[in-house]
Ligand code: HEC
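Residue numbers (this note's numbering): 2 to 283.
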């Protein structure tokens, strides 16, 4: 067991800086503003990409007029069309997001997921998406085998991370910078992940990276999957307390995400698979 001065500890300041920079830096790879139309050979059976007025939504208001005045109406429309609320792959998450009101936000996506919502949370700060604080743990939502990771506040707040399991100990990694404009091209979760010719940003910690040959994107990599360390875990009841005690005037964004988790049906505890290692295990 390695305790101190691992590559991880030395890489952390760099990673924090990168996490801070990446949403804004418009050098070359930044994929923030919409489709880069590079590789959008949409494989998944995306129903439609252009029209925002989907049949599945309950209320059909005028699509153009409700920018940010009508957030309540928007929240009502954050409903998954039948069959799309339990995405099992990154491609299926994009299919769901393309059916939600755009630009798609973290709360809207979380709200749209089928209930019961299964999750675990961690106060760990040792990742690309560190917990914001004791009060704002990193939340892992399990949608079937797929893991979605969000943080209600702090530098990870604008990111949604994905782990699509491959075998027992690895996952395909993807990440979106939220909110995301529609239509979302298939390659967007991988677009900005490249770190060097050898590795992605995720691969700095998630070792043993290898290209996901089925993804048709040069930055789509499979790497080690990690679970949080046990003493960092926060259960559903404890997380719910943070939701109940959240002061929306003081901390609107965090409260909105916690509300998206808890105010739309049952939420249950789920753990990472037993066999999965923590980052500290060889
Ligand atoms: C600084 C190290 C570090 C970096 C960089 C990092 N992670 Fe992680 N990741 C972790 C740790 C540690 C965990 C275990 C959970 C925790 O403690 O937050 C984890 C867990 C995960 C999980 C949960 C299950 C799984 O499949 O591994 C996902 C998904 C994930 N990270 C996605 C990503 C993505 C996507 C990137 C790149 C954009 C990334 N991580 C970059 C450290 C890192």
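Ideal Cβ positions, reconstructed from N, Cα and C, are used throughout, including at glycine. Quantities reported herein were computed from a predicted structural model and do not represent experimental measurements.
If you draw a 10 Å sphere on the C-beta of residue 189, you find 16 or more other C-beta atoms in it, and that means buried. In the structure shown, the three-state DSSP call for residue 258 is helix. Residue pairing by DSSP places residue 164 opposite 148 and 174 in a beta bridge. Under the three-state reduction of DSSP output, residue 78 falls in the coil class, being neither helix nor strand. When the Cα atoms are used, residue 270 and residue 225 turn out to be separated by approximately 23 angstroms.
Taking residue 106 as the centre and dropping the five residues before and after it, the same chain places the C-beta of 179 and 180 closer than 8 angstroms to its C-beta, in chain order. Counting of Cβ neighbours within 10 angstroms places residue 133 among the buried residues, the total reaching 16 or more. Between residue 92 and residue 216, the alpha-carbon positions lie close to 10 angstroms from each other. CA-to-CA, the gap between residue 210 and residue 204 works out to about 6 angstroms. Residue 268: member of the beta strand (DSSP E) spanning 268-270, first to last residue. Residue 99 sits buried, since 16 or more C-beta atoms from the chains shown fall within 10 Å of its C-beta. Residue 245 counts as exposed, since fewer than 16 other beta carbons sit within 10 angstroms of its beta carbon. Contact check between the stretch 141-149 and the stretch 187-201: fewer than three CB pairs, one atom from each, fall below 8 angstroms, which does not count as touching. The beta carbons of residue 120 and residue 268 sit closer together than 9 angstroms. Excluding sequence positions up to five before and after residue 274, its CB lies within less than 8 angstroms of the CB of 169 and 228, all in the same chain and listed in chain order. Under the three-state reduction of DSSP, residue 129 is assigned to coil, being neither helix nor strand. Per DSSP, the continuous beta strand (DSSP E) segment holding residue 224 begins and ends at 222-225.
Here residue 258 is near residue 158, since their CB atoms are less than 9 angstroms apart. In the DSSP annotation of this structure, the continuous segment of the alpha helix (DSSP H) that includes residue 92 starts and ends at 91-99. Minimum Cα-Cα distance from residue 109 among the listed residues 192, 96 and 78 corresponds to 78.
Listed in chain order, the non-local C-beta contacts of residue 247 below 7 angstroms within the same chain comprise 255, 256 and 259, local neighbours out to five positions each way being set aside. For residue 211, DSSP records a beta bridge to 223. For the pair residue 131 and residue 140, the CB atoms are not nearer than the 9 angstroms cut-off. Taking residue 94 as reference, the option from 212, 264, 184 and 156 with the minimal CA-CA separation is 184. Counting along the chain, residue 118 sits inside the beta strand (DSSP E) bounded by residues 118-123.
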